[in-house]
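Read the structure below first, then the notes.
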Amino acid sequence: MSEPLGAKRVPSLMLLDAASLYFRAYYGVPESMTAPDGTPVNAVRGFTDMVSRLVTEHRPTRLVACLDLDWRPAFRVDALPTYKAHRLPGEPDTAPAGVPELVPDTLGPQVPVILEVLAAAGIATGGAAGYEADDVIGTLAATEKTDHVLAVSGDRDLMQIVGDGDPAVRLLYVGRGLAKAELLGPAEVAEKYGVPIGRAGEAYAEMAMLRGDPSDGLPGVPGVGAKTAATLVGRFDSWAELRAAIEDRTDARISATVRTKLVAAEPYLAVVEPVVRVAVDADVRLDRPDALPTEPVDPERLDALAQRWGIGSSVERLRTALAR
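Residue numbers (the numbering used here): 748 to 1071.
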């Protein structure tokens, strides 16, 4: 079983999928949580409390809140126009890239406040033009040379970054909420999805390509479900090898029935890889060094934010978490 990488205060880098967390905070905390002027601050409070709990429980020495600077990047939309298109009400399935994501009216104004709280606390944020937060996390994890990495997200796509290298990479999956978070490494991903443990992350991505993901607008291969997809990727050492075997009718690792389905889906299979693979070469920019401070870098500003938005208890919990 995987253990929290920062549990014994070993050097560790925590990478937060910020949007994933503040959306969950927004829907998990009632809008009755308001500022003195009646403005909803449920996402601000929920997100701040999540960060405090994560820092307390996992004790990272470095932390970056990773941002979606482009939630629907052009390179993914160009490859597969249906990518996340269903999240654009009134738009056709071929909606272009660059259209803002639909955010609830009472959540949008809270996002800048969340960023202000992070800045006053001294917690780094990071983004990359033309990329999603997943890609920021994937790049920072892939380029880390010294500290263990713990990514935190409710996005299953990030299961593909787990690994037992040096440093190790783990995912704290919060798809069912922080209280039911799952700490996933290669062993857990392999057991959960039936993919080979030796390349669990890579194999998970390949399984997702075949199975599809309606939440991202990925159709998958009709007639190929998760079990068949996991069995298939387990028989090959790479996506390229699997693709080559589809055309090689002498390759007995693919049954005739499944091969027929894969051949019919060839136009999709030819373009889906860059859509699903998390980028590891994005030009990530941080707004400050990622060392986690032991006290707020701008305490007066943080106090002002706490008073303005009525989030004093959440800010105090954050202060306590940083000081530990």
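Quick reminder that beta carbons are idealized off the backbone N, C-alpha and C, glycines included.
Using the three-state DSSP reduction, which class does residue i fall into: helix, strand or coil?
i	result
P851	coil
R806	coil
E1013	helix
P783	coil
L919	strand
T872	strand
V811	strand
A898	strand
A889	helix
D1050	helix
A1026	coil
E929	strand
L835	coil
Would you decide whether residue i is buried or exposed? Buried here means 16 or more other CB atoms lie within 10 Å of its CB.
i	result
S962	exposed
D984	exposed
P969	exposed
L849	exposed
R1032	exposed
P1043	buried
E949	buried
Q1054	exposed
G912	exposed
R809	buried
G1059	exposed
P947	Looking at the sequence shown, residue 947 is not Pro but Ala. Counting Cβ neighbours within 10 Å, A947 comes out buried, since at least 16 surround it.
P851	exposed
T1067	exposed
G753	Low per-residue confidence applies at G753: pLDDT is 47, beneath 50, and the placement is therefore not dependable enough to give any value.
A1017	exposed
T795	buried
Considering only residues of the same chain and omitting the five flanking positions on each side of residue i, which have a CB-CB separation below 6 angstroms?
i	result
P839	Its pLDDT being 47, under 50, P839 is placed unreliably in this model, and the value from its coordinates should be taken loosely. Cβ within range, chain order: n/a, list empty.
M956	V1019, V1023
A973	R958
D998	A992
E953	V980, W986
A1012	V968
T975	none
V1027	G885, T886, A889
Spatial neighbours of residue i within its chain, please: CB distance less than 8 angstroms, with the 5 preceding and 5 following residues excluded, ordered by chain position.
i	result
F822	G877, P1021
T727	Since the first residue shown for the chain is 748 and the last is 1071, residue 727 is missing from the structure and cannot be characterised.
E863	R1048, L1052
By Cβ distance below 7 angstroms, which residues in the same chain neighbour residue i in space, the five residues on each side in sequence not counted?
i	result
D815	A766, E879, A880
L865	A812, T872
L801	M761, V899
T1041	L1069, A1070
G775	G793, G924
T853	E778, P787
G945	none
E891	L760, P914
Among the options, which one has its Cα closest to the Cα of residue i?
i	options	result
R819	H895, Y830, T890	Y830
P856	A1011, T781, Y940, L1065	T781
E929	G945, D913, V909	V909
D1034	A875, R806, Y774, L897	A875
L931	G941, V916, G967, G924	V916
D1030	L905, A889, V1062	A889
Y769	V899, T997, P807	V899
Y1015	G967, P1036, A1038, D1037	G967
V798	P1046, A1051, L1039, R1048	L1039
V896	V1027, P943, V942, P807	P807
P943	L965, T978, D960, A926	T978
R834	G964, R903, L905	G964
Any C-beta of chain D sitting closer than 9 angstroms to the C-beta of residue i?
i	result
D784	The question asks about chain D, but that chain is absent: this structure has only one protein chain.
Evaluate contact between the segment 856–871 and the segment 910–921, counting only Cβ atoms and requiring at least three cross-stretch pairs below 8 angstroms.
As far as the Cβ criterion goes, the segment 856–871 does not touch the segment 910–921, which means the pair count is below three.
Indicate whether the contact test is met: 3 or more Cβ pairs, each with one atom in the segment 876–894 and one in the segment 761–769, closer than 8 angstroms.
Taking one beta carbon from each stretch, the segment 876–894 and the segment 761–769 have 3 or more pairs nearer than 8 angstroms; the two touch.
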